[in-house]
Amino acid sequence: MTRDAGPNSPAAVLFDMDGTLVDSEKLWTIALDDYAAHRGGALTDATREAMVGSNMTRSMRMLLTDVGVAATEAEIAAAASWVAERMAELFAGGLPWRPGAQEALRRARALGVPVALVTSTIRSLTEMALETLGRDSFDLTVCGDEVDGRNKPDPEPYLKAARLLGVDPAACVAIEDSPTGVASAEAAGCLVIAIPCEVPLAPGPHRVLRDSLGDVDFEALGELFTRAA
Ligand SMILES: [Mg+2]
């Protein structure tokens, strides 16, 4: 479904969700802290930082370890369900946009190339977030429970999005906020626009660092490939 969008456009624009488009990482912190308290423990800052951009199963394993509960499959499933329910309550209160995100979605759309959401968040919560983000903003959404457990930092979420869109991942721009997400997109071969939210990001050969989505020149994304080459 590649469309002719001119020489300065990538084959597709692939957006991460949490921390990139919406400021939901702070809501995840609330839900994770609540679960830790519910189990009589506390989530350490280091563990919370390591979870940013991660998927539910991996995050629950870290959370249970932090609160001193053996991370059996049953405990992981129960924790995931508790946290998902708490997140649904928090998402229902409305999601705060990251600076420049609404305009970024509009400008990405105006390029005439496919736009996808590639998130580690599970489908049920993503569907709630899409009420804020707008279903029409994306041609495709890939969620954390739709990649056969091969979550970010594995390249599979981005590879799957490119596969379903019928585009070369190396010709795609991915926009990410976390080290985990940036690693996933880079491993898939995408050029990454890295905009840190909760965790600092280091420079790298296949990434372009920006302070905000408002600093991204969507009309000149193609030029980034020339510079990164
Ligand atoms: Mg993120």
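The numbering of the sequence shown is numbering that gives the first Met the number 0, which starts it at 0 and goes up by one. The beta-carbon is built from N, C-alpha and C at its ideal position, and this holds for glycine as well.
* To do: Kindly list the residues whose CB is nearer than 7 Å to the CB of ILE121, restricted to its own chain and excluding five residues on each side of it in sequence; keep chain order.
  => MET55, ALA83, CYS142, GLY143, ASP144
* **For ARG206, the first and last residue of its enclosing alpha helix (DSSP H)** => Looking at the DSSP string, ARG206 is not in any alpha helix (DSSP H); the run it does join, the beta strand (DSSP E), is 206 to 208.
* Asked: What is the rounded straight-line gap between the Cα of ALA91 and the Cα of SER123?
  -> It is roughly 12 Å from the alpha-carbon of ALA91 to the alpha-carbon of SER123.
* Spatial neighbours of ALA11 within its chain, please: CB distance less than 6 Å, with the 5 preceding and 5 following residues excluded, ordered by chain position. => VAL112, PRO113, LEU164, VAL166, CYS171
* **Beta-carbon separation (whole angstroms), SER230 vs VAL191, contact threshold 8 Å** => The structure shown does not extend to residue 230, since the chain is modelled only from 0 through 228, so no value can be given for it.
* Residue closest to SER58, alpha-carbon to alpha-carbon, out of ALA219, TYR157, GLY40, THR28 -> THR28
* LEU20 versus THR125: straight-line alpha-carbon distance, rounded -> 12 Å
* **CB of SER23 within 8 Å of CB of SER119, strictly** => no
* To do: Rounded to whole angstroms, what's the CA-CA distance from VAL146 to GLU218? Just pull it up for me.
  => 31 Å
* Can you round the beta-carbon distance between GLY213 and PRO98 to whole angstroms, since I take them to be within the 8 Å contact cut? -> 6 Å
* To do: May I ask you to report which of helix, strand or coil DSSP gives THR28?
  => helix
* Please name the residue in VAL181, ALA107, ARG47 whose C-alpha comes closest to that of VAL207. => VAL181
* Would you kindly report the start and end of the unbroken beta strand (DSSP E) that includes ILE75? => Run containing ILE75: none in the beta strand (DSSP E); it sits in the alpha helix (DSSP H), 72 to 91.
* Which stretch, first to last residue, makes up the alpha helix (DSSP H) that contains LEU116? -> Counting along the chain, LEU116 falls outside any alpha helix (DSSP H), though it belongs to the beta strand (DSSP E) covering 114 to 117.
* Thinking C-beta only, is ALA161 closer than 8 Å to ALA184? -> Between ALA184 and ALA161, the C-beta spacing is not below 8 Å.
* Asked: Run through DSSP, which three-state label would ASP65 get?
  -> helix
* Asked: Which stretch, first to last residue, makes up the alpha helix (DSSP H) that contains GLU145?
  -> DSSP places GLU145 outside any alpha helix (DSSP H), giving it a letter other than H or E.
* Asked: Does the beta-carbon distance from ALA73 to LEU63 come in below 8 Å?
  -> no
* **Under the three-state DSSP convention, the category ALA182 falls into** => helix
* At what residues does the beta strand (DSSP E) containing GLU175 begin and finish? -> That run of the beta strand (DSSP E) goes 171 to 175.
* To do: Quick one: grab the DSSP three-state call for ALA11.
  => It is a strand residue.
* For GLY52, is the beta carbon positioned less than 7 Å from some heavy atom of ligand 1? -> yes
* Check: ASP176 C-beta below 7 Å from any heavy atom of ligand 1 -> yes
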